[in-house]
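To start, the structure under review is shown below, and the notes come after it.
Residue numbers (the numbering used here): 35 to 450.
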């Protein structure tokens, strides 16, 4: 298949969250049939609720700067599925993506025909296998692999990494992972492997207890970011720098929360004998990413309560006294009321819209959670941006947020 056909087939497999088949039996059979591509590279395995993408990107960047040939597997994508698989910091080409899809698809069809698997691998399983296949094909030495949903039964958990990392655990996807922090943490802790070292980001006390208990059960040596002392912190609206032990860390990603992510990444890198200096070269789009000036336009995928709290803290710290426009659209399965109650009080105007996606929440529904007269319903992102262009002043700030799919649409318009 060519690239458009491969993407259409992936989408035909259904929404990657709703159609997720939690369990590793099918993935184990598939990687075995493909010649165990996951054995061809070393890996860092990253799970968590928030910050796992940023932390993964920081670890990969520093590894690459240190001379390793790197791979990075993350999800979801913002604009094109090729973004999910990166080698040496560059997303794979459409041609390579399609070729990897063909290889995985052929193996899956063969196993289906012989009744060795129960169904075609899901969207996420397929792309995970494609990533492993491409990492082997391109001679990747060290891959940073981000979990998709959960950890214990996530498709990526077939790997045996050199190091596991668990970023902050919070509420998200409760219908799949459990409705308490403890239950969610137990799922995330499922990536821990006996005697494989781990790094834990600063955690909610209940999550911390669960992670440490599981580590003790299977003899996992671990380090905690909470034990680190950050000194000489300098932070502004675009980046931060600080001292961690004997070394200085420069983090080019915006937001105070990225300091915690950088501490976690630095611990992981030092555990692997790699300098964290390369964190300074990290690129991670769509997270507090400034894409325009006068007025400023900032993109951020604040799609769950923890992400909303991070965005609210950022606005309160760096945008006090400025009029805030918020273009907000989200998915139906998100904690909309909690996110809205955190973000909307900060906004001068809220332009409710919907990502061009089947699971998008109808923007009219937001009137039920925010009856204020500063909320205006718009048909799509283009209409919302047109209102901003006409009515916002150069001194205002515009935040496009709520869903990474909406952020991806906006990024495609602003980044040429």
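The beta-carbon is built from N, C-alpha and C at its ideal position, and this holds for glycine as well.
Can the beta-carbon of residue i be found less than 8 Å from the beta-carbon of residue j?
| i | j | result |
| --- | --- | --- |
| residue 43 | residue 175 | no |
| residue 151 | residue 64 | yes |
| residue 211 | residue 217 | yes |
| residue 189 | residue 61 | yes |
| residue 155 | residue 163 | yes |
| residue 237 | residue 195 | no |
| residue 179 | residue 311 | no |
| residue 408 | residue 384 | yes |
| residue 313 | residue 275 | no |
| residue 241 | residue 219 | yes |
| residue 387 | residue 418 | yes |
| residue 438 | residue 183 | no |
| residue 380 | residue 361 | no |
| residue 233 | residue 134 | no |
| residue 85 | residue 295 | yes |
| residue 244 | residue 72 | no |
| residue 259 | residue 214 | no |
| residue 344 | residue 181 | no |
| residue 397 | residue 411 | yes |
| residue 109 | residue 103 | no |
| residue 231 | residue 305 | yes |
| residue 292 | residue 40 | no |
| residue 131 | residue 37 | yes |
| residue 308 | residue 35 | no |
| residue 200 | residue 235 | yes |
| residue 367 | residue 351 | no |
| residue 141 | residue 68 | yes |
| residue 267 | residue 157 | no |
Name the one or two DSSP bridge partners that residue i has.
| i | result |
| --- | --- |
| residue 132 | The partner list for residue 132 (beta bridge, DSSP) is empty, contrary to what the question assumes. |
| residue 409 | 384 |
| residue 256 | 232 |
| residue 435 | 334 and 362 |
| residue 274 | 269 and 285 |
| residue 264 | 278 |
Between residue i and the rest of its own chain, which residues show a CB-CB distance below 6 Å, the 5 nearest in sequence each way excluded?
| i | result |
| --- | --- |
| residue 374 | 403 and 404 |
| residue 172 | 121 |
| residue 106 | 94, 120 and 178 |
| residue 246 | none |
| residue 99 | 312 and 315 |
| residue 342 | 336, 373, 376 and 377 |
| residue 186 | 221 and 224 |
| residue 272 | 288 |
| residue 356 | 431 |
| residue 160 | 138 |
| residue 270 | none |
| residue 170 | 71 and 74 |
Spatial neighbours of residue i within its chain, please: C-beta separation below 7 Å, excluding the five flanking residues on both sides.
| i | result |
| --- | --- |
| residue 333 | 320, 323, 325, 434, 441, 444 and 445 |
| residue 347 | 290 |
| residue 330 | 324, 431 and 432 |
| residue 137 | 167 |
| residue 128 | 37 and 116 |
| residue 318 | 87, 88, 91 and 287 |
| residue 391 | 439 |
In chain order, what residues of the same chain have a beta carbon less than 8 Å from the beta carbon of residue i, not counting five sequence neighbours either side?
| i | result |
| --- | --- |
| residue 370 | 364, 395, 399, 400 and 403 |
| residue 340 | 83, 84, 202, 204, 205 and 206 |
| residue 58 | 187, 189, 191 and 192 |
| residue 8 | No information on residue 8 is available, as it lies outside the stretch 35 to 450 that the chain covers here. |
| residue 145 | 63, 64, 67 and 151 |
| residue 229 | 252, 253, 254 and 255 |
| alpha helix (DSSP H) runs contained entirely in the segment 167-254, provided each spans 4 or more residues | Within the segment 167-254, complete alpha helix (DSSP H) segments of at least 4 residues are found at 208-211, 215-222 and 239-251, given in chain order.
| Counting only runs that start and end within the segment 319-407, where is the beta strand (DSSP E) found for 3 or more residues in a row? | Those beta strand (DSSP E) runs which fall completely within the segment 319-407 and span 3+ residues are 323-326, 330-334, 358-362 and 383-386.
| query | Any contact of the segment 274-288 with the segment 246-254, i.e. 3+ C-beta pairs under 8 Å? | reply | Look at the beta carbons and you see the segment 274-288 not touching the segment 246-254: under three pairs across the two are nearer than 8 Å.
| request: Write down every uninterrupted run of the beta strand (DSSP E) in the segment 71-154 whose length is 3 residues or greater and which is fully enclosed by it, in chain order. | output: Note on the segment 71-154: whole beta strand (DSSP E) runs with a minimum of 3 residues are 76-81, 104-107 and 119-121, in chain order.
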